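Down below is the structure, laid out as structure tokens.
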């Protein structure tokens, strides 16, 4: 991939010196690398139903300009519908979409997709099969001086130099995705929408393409919104993650905040493995079956019933039982992943439901092994609703594929 | 933020406003498709109006008489025998070409299909002009089998090409012999294709007129034609047409069954066939001889006799001018009709491919009802209606003939247009629009290039079908005008074989060559679709 050095920058300038405007009405910057006035996106109270089936039920979302954002949701949560509304392919039943403070959609207006300057990279790439790679990338560019050089530069930027005369069916899946991205970036969009672009790629290829896509988008200066159902992907690629659940935005946060301080226990489990432990708060500490834990959310009222979130990484597991401080536990099952392992544990006094801990891969823990566990670092917590109310289920104890 | 933004830049908001309209394309498509369906089913409606005009009692009386029983016996026994023969010949030849080491398979694949492109009445003419044995039932069985077995061969060959060779291996490993493997696995896999082909064969036989007239074999179609064109006995023609349409409906009713199975046996495009062919061994020579005989009978006889009559009759065949004139009118009517049929098929195909709702499916299925209506029935309904209710306006005029062609060959157009529309998924149009292209630019630069070749192929298919159509043309051709088919027919009726022969050869030439090219085109379509995605 093109490193973000100065040399391509100069090439960009030379390439686009001849013509200055893209195919779209807004005046284009002199260079693809010149920062476009980064324009953020706002939606408020977006509603959309298909027939009797409501898909979006009041989506409020603000994404600052220049951000690489991810919209994370399970299938059927409405995330693709949201993306199609942003792109202008669907019209919302109600609500407002605005970019850079200019309204694209509301009850009286609907800006057509071709006038939005919002790029779109479809799930399967959707390259035009009758055009070469160059034809695809240049599709949105008007015929003018410097067009060829611009296409060549875009191809270099996504790591496909020299493949311009190929047809889409002669490319691999990853290459097709890169062409689709170059095609979207060619018209210098204010916002690039990426609809699960890595879903059809091999696992090995995915990480590389992901990193390259992020680099290319960021250099273009556009705001990016990636839709995905893969929480690992969302956490690793985005600056900002919006979780959409049942047609509404459940939380918008940085990946770290989302992982460490999710708004409720359900969301905690959705974005990763979670041990949910009941306890009682005393100021900034809590009494739990795992001992006294430090809380990270400042001062809590005394004697409040709380649910504490302990991520698998926060459980330190030491093999010898009875040695050092901590709670005695027994290994039930080990899921080995090479670089690490997820271990299912049960405490000797069985005071809490089975828990999951993440240990480094080299650590050998056979089922039945006696260990000592200790919670490391402050933990996130939520006040527990009064007894009798719908309580969150005991923590999911199946060692399933977690992040990583 | 939004409010202030709006206040700051009001022009940006007010500029490109689209009035609030929701789901308009489907509504528009539904309307257009509905209109097409009404046009297509109009002949059936006309027929029912005519029948009710004569009174239910009269119609019932006309149907319940010995003539109907004779016609029914003649039609049904011919349909059953020819369909069975075609199923056997079509399946065997397809298996030989696709699954064995038959020498010269590519050439056989072409030679075996060409007879289908030659109109049945030309094959019939070739046989009847050299032998008095080829008459009546036996003649009809011989001629129709030779003329239409490719309708089974084509789908079965396609199905065998896509079939999973692993199943045959599995059967052999389970202890089945070659013959039982062929019958239980190979034929079993191609069952849907065989049934589908048989349905088409039966429909063709129900609709055939010219061949049976030449052979002196009386079926519903020949009798309807005589009653309507010769005796001007409209109520009888109408009553018999109703019976014929019901017969077609019965045959068509078997189609969904066949189609469902056909889909189930077809494996995906990703199942690449490892080419491992059965060895014919000592059977090679007898098989080659049998195939050569089949091609000689189906292709050699009509072509040979036409050439023979052209030179042997002694009539100086200075029919160049009339051939040109008839050819021009044939091209004109066929071209307009093909364009019309393709255009009519477009909304129905778009609806079926892009909006697979219940309404769209129902509409699409209803257009297939046209298949149950033979050309004679459509021509009769249209001409009678024009005469009775439009004050004779348009009767035996070019627009009426073109309308009849377009209705008759609509299903053919739909098959081609559907395949081509599937090449332009909505996602591509959306991608083009997000790149800043207006809808008209998207249509010209994305949609049209993708579906254009398929549309052209559909146009050509319908054009060829119209150019070789005889029955409806005889009824509806404008007064004083001859097409290639009607001019051939006129000479043939007068036993002027020498003058008919050049027309037969021209028809064979214009039908066979492009059909071969088109068959190749449609053969390639699936692989292109696979690689494009």
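Protein chains in written order, with my numbering: chain Y, 24 to 427; chain V, 5 to 537.
Even glycine gets a Cβ: it sits at the ideal position worked out from N, Cα and C.
None of these values were measured; they are calculated from a predicted model.
Check: If you follow the beta strand (DSSP E) that residue 191(Y) is part of, which residue opens it and which one closes it?; Outcome: No beta strand (DSSP E) holds residue 191(Y); DSSP gives it neither H nor E.
Check: Any contact between the stretch 444-458 of chain V and the stretch 417-430 of chain V? By contact I mean 3 or more CB pairs, one from each, below 8 Å.; Outcome: yes
Check: Please report the Cβ distance between residue 120(Y) and residue 128(Y), rounded to the nearest whole angstrom; I am assuming they are in contact, meaning their Cβ atoms lie under 8 Å.; Outcome: 4 Å
Check: With DSSP collapsed to three states, give me the class of residue 312(V).; Outcome: helix
Check: Mind checking residue 159(Y): buried by the 16 CB within 10 Å criterion, or exposed?; Outcome: buried
Check: Which whole-angstrom value is the C-beta distance of residue 108(Y) and residue 69(Y), which I expect to be below 8 Å?; Outcome: 7 Å
Check: Indicate the three-state DSSP secondary structure (helix, strand or coil) for residue 507(V) in the structure shown.; Outcome: helix
Check: According to DSSP, simplified to helix, strand and coil, what is residue 404(Y)?; Outcome: strand
Check: Measuring CA to CA, which of 201(V), 92(V) and 460(V) is closest to residue 346(V)?; Outcome: 460(V)
Check: Of the residues 206(Y), 106(Y), 169(Y) and 165(Y), which one's Cα is nearest the Cα of residue 155(Y)?; Outcome: 206(Y)
Check: Relative to the C-alpha of residue 406(Y), which candidate in 329(Y), 358(Y) and 208(Y) has its C-alpha closest?; Outcome: 329(Y)
Check: Could you tell me the alpha carbon to alpha carbon distance between residue 143(Y) and residue 216(Y), rounded to whole angstroms?; Outcome: 5 Å
Check: What is the DSSP secondary structure of residue 92(V), counted as helix, strand or coil?; Outcome: helix
Check: Would you identify the three-state DSSP class for residue 47(Y), choosing helix, strand or coil?; Outcome: Low per-residue confidence applies at residue 47(Y): pLDDT is 39, beneath 50, and the placement is therefore not dependable, though the value from the model is reported in the following sentence. Here residue 47(Y) sits in coil by DSSP.
Check: How is the beta strand (DSSP E) around residue 302(Y) delimited, first residue to last?; Outcome: 298-306
Check: Show which residues of chain V have a CB atom less than 8 Å away from the CB atom of residue 22(Y).; Outcome: Outside the shown range of chain Y (24 to 427) lies residue 22(Y), about which nothing can therefore be said.
Check: Identify the contact partners of residue 436(V) in chain Y, using a Cβ-Cβ distance below 9 Å as the criterion.; Outcome: 137, 151, 162 and 163
Check: Look at the alpha carbon of residue 91(Y) and the alpha carbon of residue 281(Y), and state the distance between them as a whole number of angstroms.; Outcome: 15 Å
Check: How would you call residue 298(Y), buried or exposed, if buried means at least 16 neighbouring beta carbons within 10 angstroms?; Outcome: buried
Check: Counting along the chain, where does the alpha helix (DSSP H) carrying residue 216(V) start and finish?; Outcome: 214-219
Check: Within 8 Å, do at least three Cβ pairs link the stretch 377-390 of chain V to the stretch 233-246 of chain V?; Outcome: yes
Check: Give me the chain V residues within the contact set of residue 145(Y), using Cβ-Cβ distance strictly less than 8 Å, ordered along the chain.; Outcome: 431, 434 and 435
Check: Across the stretch 63-79 of chain Y and the stretch 221-240 of chain Y, are there enough close Cβ pairs to call them in contact, namely three or more that are closer than 8 Å?; Outcome: no
Check: Please name the residue in 163(V), 216(V) and 171(V) whose C-alpha comes closest to that of residue 572(V).; Outcome: One cannot answer for residue 572(V) here, as it falls past the ends of chain V, which runs 5 to 537.
Check: Can at least three beta-carbon pairs, one atom from the stretch 57-69 of chain V and one from the stretch 199-210 of chain V, be found at a separation below 8 Å?; Outcome: no
Check: Let me know if residue 168(Y) comes out buried or exposed under the rule of 16 or more other beta-carbons within 10 Å of its beta-carbon.; Outcome: exposed
Check: Going by beta carbon distance, what residues of the same chain come within less than 7 Å of residue 46(Y), once the five residues before and after it are set aside?; Outcome: Note on residue 46(Y): pLDDT 37, under 50, position unreliable in the model; no value is reported.
Check: What in chain Y is Cβ-close to residue 365(V), meaning under 8 Å?; Outcome: Result: empty, since nearest Cβ-Cβ is about 17 Å, beyond 8 Å.
Check: Tell me, which residues are paired with residue 329(Y) by DSSP?; Outcome: 302(Y) and 406(Y)
Check: Output needed in chain order: residues of the stretch 158-183 of chain V with a Cβ under 9 Å from some Cβ in chain Y.; Outcome: none
Check: Pull out every residue of the stretch 101-124 of chain Y whose Cβ sits closer than 9 Å to any Cβ of chain V, in chain order.; Outcome: 107, 110, 111, 112, 114, 116, 119, 121, 123 and 124
Check: Let's test the definition: count the other Cβ atoms within 10 Å of the Cβ of residue 161(Y) and tell me whether it reaches 16, buried, or not, exposed.; Outcome: buried
Check: So with Cβ pairs under 8 Å, would you call residue 408(Y) a contact of chain V?; Outcome: no
Check: Quick one: which residues of the stretch 441-462 of chain V get their C-beta closer than 7 Å to a C-beta of chain Y? List them in chain order.; Outcome: 441, 442, 450, 453 and 454
Check: Using only alpha-carbon positions, find the residue among 194(Y), 277(Y), 404(Y) and 137(Y) that is nearest to residue 288(Y).; Outcome: 404(Y)
Check: Examine the Cβ distances between the stretch 400-417 of chain V and the stretch 467-483 of chain V and report whether three or more of them are shorter than 8 Å.; Outcome: yes
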